[in-house]
Amino acid sequence: MSNSELLRLENIVRYFSAKGAMFYSESGVLETGSTIHAVDGVDLNIDRNSSLGIVGESGCGKTTLARTILMLIKPTSGKLYFEGREITNLSYGELAKIRPNFQMIFQDPFSSLDPRMRAKAIIAEPLSVVIKDREKIGERVREVFEQVGLSVDQLNRFPNEFSGGQRQRIAIARALATKPKLVILDEPTSALDASTQAQILNLLLDIQEEYEVSYVFISHNVSVVRHMSDRIAVMYLGKIVEEGPVDELLRRPKHPYTAALISSIPKPNPKARGAMVEIRGETPSPVNPPSGCRYHPRCPFATELCSQTEPPPQEFENHHIVACHYPLNR
Amino acid sequence: MTDHIIQVNELSVVFETLQGRYSALDKVDLAINKSEVVGLVGESGCGKSTLALAIMGLLPRPPAKVLSGCIMFNGTNLLTYTEKEMEKVRGTGISMIFQEPLTSLNPLFTIGDQLSETIRIKMQRQNEHDGRDEKKVRAEVVEWLKRVDLADPESAMERYPHEWSGGMRQRVMIAMALAAKPSLMLADEPTSALDVTTQAQILTLVKSLVREVKASVLFISHDLAVVAQIADRVAVMYAGMVMEEAPVNEIFENPLHPYTQSLMGAFPKETGVRKARLETIPGSVPNLARIPPGCPFHPRCKFVKDQCSTARPGLRETSPGHKVACVMYTQ
Amino acid sequence: MSIDRKEIALTLDVLRRDRLAIGGIGVVVLFILTSFAVLIFGNSLVPYDPTVVNISAAFQAPSLQHLFGTDNLGRDIFSRCVVAAPIDAEIGFSIVLVSVLIGGIVGSWAGYVGGRVDEILMRITDIFIAVPTLVLAVAVGVALGPGIEHVIEANLVGWWPVYARLARAGALSLKESQFIEAAKVAGLARFKIIIKHIIPNNISPILVYATLDIGNAILYASVLSYLGMGAQPPQAEWGRMVFDGQVYLTNAWWMSILPGLVIFTVALGFNLFGDGLRDTLDPRYRK
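Here the protein sequences line up with chains A, B and C, keeping their order.
Be aware that the first sequence starts at 11, since it is given in my numbering, and climbs by one per residue.
Be aware that the second sequence starts at 16, since it is given in my numbering, and climbs by one per residue.
Be aware that the third sequence starts at 179, since it is given in my numbering, and climbs by one per residue.
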């Protein structure tokens with residue numbers, strides 16, 4: 011464990027039981043199952059003052075992973091370490107003491123703020139859990155409100171009096187109020203217009219520099235994730251299939267799913283209308299994951315081995331890790 | 016000129032509500048040619064969906080009101096059509112697919128039933144067997160389901176919409192939209208709700224099918240990259256106005272309008288410098304009830320001049336096929 | 179708790195256009211004002227003393243001197259009706275207010291916390307909802323004996339479960355909201371989340387229902403009084419007056435019918451008002 015390690019996830023598993031859960035198989039048809047294997051064995055290290063991007067499509071488990079990191083739900087099995095100390099089984103009260111270190115920014119600026127609370131109260135809320143002095147809270151609220159580019163005379167307004175971009179700024183202010191060490195961002199700009207998105211991304215970068223906070227940036231938009239992160243982890247059906255330095259992974263993906271994902275992304279360049287790496291079928295649901303390597307039913311390079319055995323993670327240079335029996339060599 | 020499938024001329028639409036009058040479309044000019052895919056790009060609230068609904072005759076009037084303009088299709092102005100007349104146009108003349116297929120497919124009927132209905136109507140209108148030959152109809156349904164890559168079409172026909180995933184439903188929608196062999200298909204953000212890998216499949220499918228059926232498409236999206244992949248020509252809208260229009264290669268290589276330029280700069284580039292600050296457009300998209308006078312973009316434009324706040328710029332051609340609505344290019 | 183000005187403006191706007199709702203509000207306002215007036219000024223407010231017996235003036239039909247006529251003891255029925263207003267006001271508002279409080283808290287908590295607690299609560303409310311409220315109220319009322327407080331209590335027993343259901347439903351849908359998740363991330367204790375976030379966001383539908391409900395509560399209270407529970411003579415009370423006048427229905431119809439009409443009008447007023455309020459919540463009308 012290095013001194014810069016902030017958070018460590020060891021073989022985190024999270025299942026949800028859902029009797030008669032309905033899901034769509036790879037052929038896109040409705041079937042039923044009973045357990046949702048949302049997160050199925052994830053190892054992850056997050057360092058201080060770093061940026062990790064997590065990409066994946068629907069059903070990959072990234073949201074469940076985020077909630078597990080934030081200790082909103084307890085893992086079914088596996089361990090969680092914060093600054094070297096295990097926190098998996100802390101009580102509600104003990105957890106409350108370290109909560110100021112973790113914050114989250116949600117996707118929808120319209121539903122992540124209580125419509126009946128004023129901006130001031132919204133930002134003060136996480137502070138009120140740790141500080142009792144009302145004056146100190148007020149000071150801090152004003153300070154962080156200005157840092158996110160809003161003017162303090164708007165502190166008494168309600169969320170519906172702000173635009174989408176401004177609401178997201180309030181959400182960012184709320185997340186930063188307690189000076190957290192880790193902030194999880196779950197699609198923070200997906201619901202915003204292109205021009206607003208750029209403003210918010212710039213703000214997030216500025217803040218990260220100033221606060222030296224670690225980001226875990228979750229998104230389905232790979233370009234945005236690339237822009238904001240140092241490392242990327244690609245999730246598929248509850249597992250991390252590939253993880254590595256951002257540019258390395260995007261230019262030379264080693265996992266067929268990563269390659270397919272990247273080539274599926276439309277590029278804003280009409281001349282680059284190349285053929286995409288073939289990907290068959292629909293994004294399956296975690297209720298009934300395939301045997302062996304989860305990606306095998308859709309992988310053009312799958313063999314008998316792939317359908318029988320789960321591929322163990324292999325490490326390449328620069329901490330580039332892949333879970334595949336036949337990693338692509340480019 | 017005679018190659019136009021549809022021509023929208025100076026169309027202005029407003030919405031009269033309790034909160035005020037929203038100006039959704041302001042003298043919009045747009046033409047679509049035969050076998051052409053036109054991409055309509057803009058942020059939320061720019062009027063692109065309103066335009067599509069106006070063409071389909073689906074605008075709720077009231078509260079919508081057409082102030083001026085016409086929509087010429089096959090020699091007649093669609094705005095003058097009654098609901099009955101519009102019904103005849105829909106399907107075989109103009110069809111539409113939407114963002115969320117679950118709400119546009121009837122949950123009580125199997126997809127086979129719904130597709131059959133479309134095909135029967137087409138047959139009736141083309142006087143083919145009155146559409147009463149069930150075997151022929153069924154054969155064509157199976158044919159179409161195969162074309163949109165729906166596995167096992169025979170049993171697929173018996174399934175209901177909710178039994179299918181989003182991507183599959185969208186394929187059914189596309190089949191329904193194209194089975195009637197329309198001259199024009201309107202697609203309103205058809206891939207925005209899909210995963211990126213599914214989106215890629217659907218885009219490829221649409222491109223090939225549309226060529227086969229020889230239909231024109233108006234592809235509406237807020238995503239410039241998606242439009243880059245599928246369109247022949249692109250129109251950029253802002254606050255109810257068309258700001259720029261050009262062939263797809265041209266508009267990406269040489270965007271002229273300040274808004275178009277800013278829009279392109281606002282997206283993180285794949286090859287750009289990571290963590291570099293993105294170009295931003297100050298301010299935000301205007302409330303349609305309070306659109307700035309003159310050029311609606313002028314409060315946020317870095318090249319703004321005095322006349323921008325008083326004179327509304329018209330769409331002018333600066334080079335063959337490339338039109339811009341900005342005073343910088345009309346001097 | 180904070181409601182912003184724009185919402186109030188929109189609400190008033192929708193209400194303004196609903197004639198029936200305005201009528202309802204008028205009746206309700208008149209009712210409340212009258213009740214307060216009686217509490218402050220007592221019997222001096224009315225033209226005749228409601229308790230004084232005057233046999234010579236008995237059984238007079240409604241006229242300019244006696245707007246609602248007189249009863250078998252010569253008492254002015256109009257004065258008695260006015261003076262009885264605060265009683266039903268007290269009963270109606272008390273039943274509903276306490277029900278909202280109990281039901282609201284219990285329901286919000288059960289809905290948010292879920293699991294066993296929710297199960298137990300739901301079984302309890304099921305039992306109470308299964309029994310017809312009126313029957314239950316009568317049974318409890320008989321057991322408790324006469325008196326206004328007992329009328330209130332008797333009705334309360336069967337009244338609060340509906341609010342618990344309403345609150346629970348609201349809590350269930352709210353608890354998945356992102357701002358609730360944000361509160362959890364902040365480390366807020368569960369009961370704080372319920373009080374600060376769940377309940378304030380749930381108020382509107384409960385408020386609407388409660389308004390409608392006061393009319394019902396008054397109706398039920400009148401029924402219990404009619405049956406002999408509640409206010410005792412010589413205290414004037416509408417339901418009781420209806421009962422007292424029943425015997426004389428053929429020759430002095432005004433003794434029963436007019437107090438009955440008053441009950442009906444007041445209950446209707448609350449209903450129309452509540453209906454109007456419900457329309458204001460409907461997003462279609464707010465366009």
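Where is the CB? At the ideal position from N, CA and C, for every residue including glycine.
As the structure is a prediction and not an experimental result, all values here were calculated from the model.
Distance CB(residue i)-CB(residue j) smaller than 8 Å
{"i": "Lys249 of chain A", "j": "Val52 of chain A", "result": "yes"}
{"i": "Phe234 of chain B", "j": "Leu74 of chain B", "result": "no"}
{"i": "Arg128 of chain A", "j": "Asn166 of chain A", "result": "yes"}
{"i": "Val316 of chain C", "j": "Leu402 of chain C", "result": "yes"}
{"i": "Val154 of chain A", "j": "Ile133 of chain A", "result": "yes"}
{"i": "Pro321 of chain A", "j": "Cys303 of chain A", "result": "yes"}
{"i": "Val260 of chain C", "j": "Val230 of chain C", "result": "no"}
{"i": "His337 of chain B", "j": "Ala261 of chain B", "result": "yes"}
{"i": "Leu20 of chain A", "j": "Lys84 of chain A", "result": "Correcting the residue identity first, residue 20 of chain A is Glu in this sequence and not Leu. Cβ atoms of Glu20 of chain A and Lys84 of chain A: not closer than 8 Å."}
{"i": "Arg109 of chain A", "j": "Val151 of chain A", "result": "no"}
{"i": "Ile79 of chain A", "j": "Val226 of chain A", "result": "yes"}
{"i": "Val23 of chain B", "j": "Val225 of chain B", "result": "no"}
Where residue i falls: helix, strand or coil (DSSP)
{"i": "Thr345 of chain B", "result": "coil"}
{"i": "Val251 of chain A", "result": "strand"}
{"i": "Ile358 of chain C", "result": "helix"}
{"i": "Asp210 of chain B", "result": "coil"}
{"i": "Gly204 of chain C", "result": "helix"}
{"i": "Trp179 of chain B", "result": "strand"}
{"i": "Gly88 of chain A", "result": "strand"}
{"i": "Val241 of chain B", "result": "helix"}
{"i": "Glu259 of chain B", "result": "strand"}
{"i": "His237 of chain A", "result": "helix"}
{"i": "Thr74 of chain A", "result": "helix"}
{"i": "Tyr305 of chain A", "result": "coil"}
{"i": "Asp349 of chain A", "result": "In the structure displayed, chain A extends from 11 to 340; residue 349 of chain A sits before or after that span and is not available."}
{"i": "Thr229 of chain C", "result": "coil"}
{"i": "Asn92 of chain B", "result": "strand"}
{"i": "His335 of chain A", "result": "coil"}
{"i": "Gln209 of chain A", "result": "helix"}
{"i": "His375 of chain C", "result": "helix"}
Residue i, buried or exposed, once every other Cβ within 10 Å from all chains shown has been counted against 16
{"i": "Met179 of chain C", "result": "Caution is warranted here: a pLDDT of 37 is assigned to Met179 of chain C, below 50, making its placement in the model unreliable, and no coordinate value can be reported."}
{"i": "Ile147 of chain A", "result": "buried"}
{"i": "Asp167 of chain B", "result": "exposed"}
{"i": "Leu62 of chain A", "result": "buried"}
{"i": "Gly72 of chain B", "result": "buried"}
{"i": "Leu93 of chain B", "result": "buried"}
{"i": "Asp210 of chain B", "result": "buried"}
{"i": "Thr91 of chain B", "result": "exposed"}
{"i": "Met16 of chain B", "result": "Note that Met16 of chain B has pLDDT 48, beneath the 50 cutoff, so the model's placement of it is unreliable and the number below is only indicative. Answer is exposed; the Cβ neighbour count stays below 16."}
{"i": "Lys130 of chain A", "result": "buried"}
{"i": "Lys465 of chain C", "result": "For Lys465 of chain C, the predicted structure reports a pLDDT of 41, less than 50, and the residue's modelled location is therefore unreliable. The matter cannot be settled from this model."}
{"i": "Met11 of chain A", "result": "Because Met11 of chain A sits at a pLDDT of 44, beneath the cut-off of 50, its placement in the model cannot be relied upon, and the point is left open."}
Contacting residues, own chain, Cβ-Cβ under 6 Å from residue i (five flanking each side not counted)
{"i": "Ser229 of chain A", "result": "Glu197, Val235"}
{"i": "Val300 of chain B", "result": "Glu58, Gly60"}
{"i": "Val187 of chain B", "result": "Ile126"}
{"i": "Gln164 of chain A", "result": "none"}
{"i": "Ile217 of chain A", "result": "none"}
{"i": "Ala262 of chain C", "result": "Ala414, Glu415, Trp416"}
Beta bridge counterpart(s) of residue i as assigned by DSSP
{"i": "Thr32 of chain B", "result": "B:Gly35"}
{"i": "Ala243 of chain A", "result": "A:Ile64, A:Glu253"}
{"i": "Phe326 of chain A", "result": "A:His330"}
{"i": "Met111 of chain B", "result": "B:Leu201"}
{"i": "Phe112 of chain A", "result": "A:Leu192"}
Cβ-based neighbour list, residue i, same chain, cut-off 8 Å, excluding 5 preceding and 5 following
{"i": "Asn429 of chain C", "result": "Phe237"}
{"i": "Asn339 of chain A", "result": "Lys264"}
Cβ of residue i within 8 Å of any chain F Cβ
{"i": "Pro383 of chain C", "result": "Looking for chain F here will not work: the only protein chains present are A, B and C."}
7 Å CB neighbourhood of residue i in its chain, flanking five on each side removed
{"i": "Val158 of chain A", "result": "Arg179, Ile182, Ala183, Leu213"}
{"i": "Val49 of chain A", "result": "Ile22, Val23, Arg24, Gly71, Thr74, Leu75, Thr78, Gly248"}
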